[in-house]
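See structure below.
Number of protein chains: 2
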Amino acid sequence: MVLEIKPTQALRLWREVHLDLVRDTQSDLSVRQTAILLTIYLELPPHTVRGLAARLGVTKPVITRALDSMGKLGLVSRKRDEFDKRNVVIQRTVAGALAVEHLADLVTARARELGPA
Amino acid sequence: MVLEIKPTQALRLWREVHLDLVRDTQSDLSVRQTAILLTIYLELPPHTVRGLAARLGVTKPVITRALDSMGKLGLVSRKRDEFDKRNVVIQRTVAGALAVEHLADLVTARARELGPA
DNA sequence: CGATAATGATACGGCCCCGTAACGATCCGG
DNA sequence: CCGGATCGTTACGGGGCCGTATCATTATCG
Numbered sequence: 012m013v014l015e016i017k018p019t020q021a022l023r024l025w026r027e028v029h030l031d032l033v034r035d036t037q038s039d040l041s042v043r044q045t046a047i048l049l050t051i052y053l054e055l056p057p058h059t060v061r062g063l064a065a066r067l068g069v070t071k072p073v074i075t076r077a078l079d080s081m082g083k084l085g086l087v088s089r090k091r092d093e094f095d096k097r098n099v100v101i102q103r104t105v106a107g108a109l110a111v112e113h114l115a116d117l118v119t120a121r122a123r124e125l126g127p128a
Numbered sequence: 012m013v014l015e016i017k018p019t020q021a022l023r024l025w026r027e028v029h030l031d032l033v034r035d036t037q038s039d040l041s042v043r044q045t046a047i048l049l050t051i052y053l054e055l056p057p058h059t060v061r062g063l064a065a066r067l068g069v070t071k072p073v074i075t076r077a078l079d080s081m082g083k084l085g086l087v088s089r090k091r092d093e094f095d096k097r098n099v100v101i102q103r104t105v106a107g108a109l110a111v112e113h114l115a116d117l118v119t120a121r122a123r124e125l126g127p128a
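Protein chains in written order, with our numbering: chain D, 12 to 128; chain P, 12 to 128.
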């Protein structure tokens, strides 16, 4: 069940999906924001600011600001941890799940279109 | 030779590569710049500003500015078209080819690591 | 020729993001 | 109880990218 993909296929897949993303005016997330979004939706909760910062190898303000902008878009939400009020727990939203699903559709669709070599 | 990839695999692949890109301080290209770079290196020359703008569905200044910054990084170069001096021909560089190859390595490596489902 | 069209570059105002440094709030150990 | 550690946020200065409008240069055609 290993995914065998050749370099040429990988590049074409990457290009086609990126062209889709550029044309799709709605979702203009940066590379960092995309990495954060996918980490939140693919890895097991709970997610915290410092945890994501360590996971991505960036500083905490980067996470805070990304959560700010993604929160405005409704892709994530935040809640104080009641047991340790210093912590903030990052939560998933319906809109965020839809955005992730949309991205999955994009990638799988473009992968299907790839010819040999 | 169709590339069969499941939604879960697509998302994990996308996330792993994006994490690599975020950690790799060197290459912080935007989504638009990545789309431009891959179009230049995967599609047949010649490439022009207006051609890329139409291909990506963006305005010409977007291409001009992207070529400026990518030119500073040595990823592409520009040359006046001698037959029609209004045109600018975008050319590939060694550094650009290496960057594209590096991206291909990243994607194929992460794809190989993907487990089933 | 001269007027018009086309190409790429530039100016402008605005917005977002970055890294460093500091901050308030909260927890914890002595 | 209180000083230090931890957590997330904010302030600051700087830089990049955006879209619109405009520009200089070059080509085309009557």
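In this text, a Cβ means the ideal position worked out from N, Cα and C, and glycines have one as well.
**Asked** Is D/Ser88 helix, strand or coil by DSSP?
**Response** strand
**Request:** Over the uninterrupted alpha helix (DSSP H) stretch that includes D/Arg6, give me the two end residues.
**Result:** Only positions 12 to 128 of chain D appear in this structure, which leaves residue 6 of chain D out of reach.
**Request:** Determine, using beta carbons only, whether D/Pro18 comes closer than 9 Å to chain P.
**Result:** yes
**Stretch-stretch touch, CB-based, cutoff 8 Å, three pairs: the region 14 to 27 of chain P with the region 87 to 100 of chain P** = no
**Prompt:** Does the Cβ-Cβ distance between P/Val100 and D/Asp39 come in under 9 Å?
**Reply:** Contact: no.
**Asked** Which chain P residues sit within Cβ distance under 8 Å of D/Gly68?
**Response** Residues of chain P whose Cβ lies closer than 8 Å to the Cβ of D/Gly68 are, in chain order, Val33, Arg34.
**Item:** Of the residues D/His58, D/Leu63, D/Arg34, the one placed nearest P/Leu30, counting alpha carbons only
**Value:** D/Leu63
**Prompt:** If you drop the 5 nearest sequence neighbours on each side, which residues of the same chain put their C-beta closer than 7 Å to that of D/Pro57?
**Reply:** Val100
**Message:** For D/His113, tell me which candidate among D/Arg66, D/Gln102, D/Leu48, D/Leu14 has the shortest Cα-Cα distance.
**Reply:** D/Leu48
**Request:** Run the CB neighbour count on D/Gly107, radius 10 Å, all protein chains shown included, and call it buried at 16 or more, exposed below.
**Result:** Per the 10 Å Cβ criterion, buried.
**Message:** In this structure, how does DSSP classify D/Gln44 when only helix, strand and coil are distinguished?
**Reply:** helix
**Prompt:** By a C-beta neighbour count over all protein chains shown, 10 Å radius and 16 as the cutoff for buried, is P/Val87 buried or exposed?
**Reply:** buried
**Asked** In whole angstroms, what is the alpha-carbon distance linking D/Leu84 and D/Ala115?
**Response** Here the alpha carbons of D/Ala115 and D/Leu84 stand approximately 19 Å from one another.
**Item:** Residue environment, D/Val105, which counts as buried when at least 16 other CB atoms sit within 10 Å
**Value:** exposed
**Item:** Bridge-paired residues (DSSP) for D/Arg103
**Value:** D/Val87
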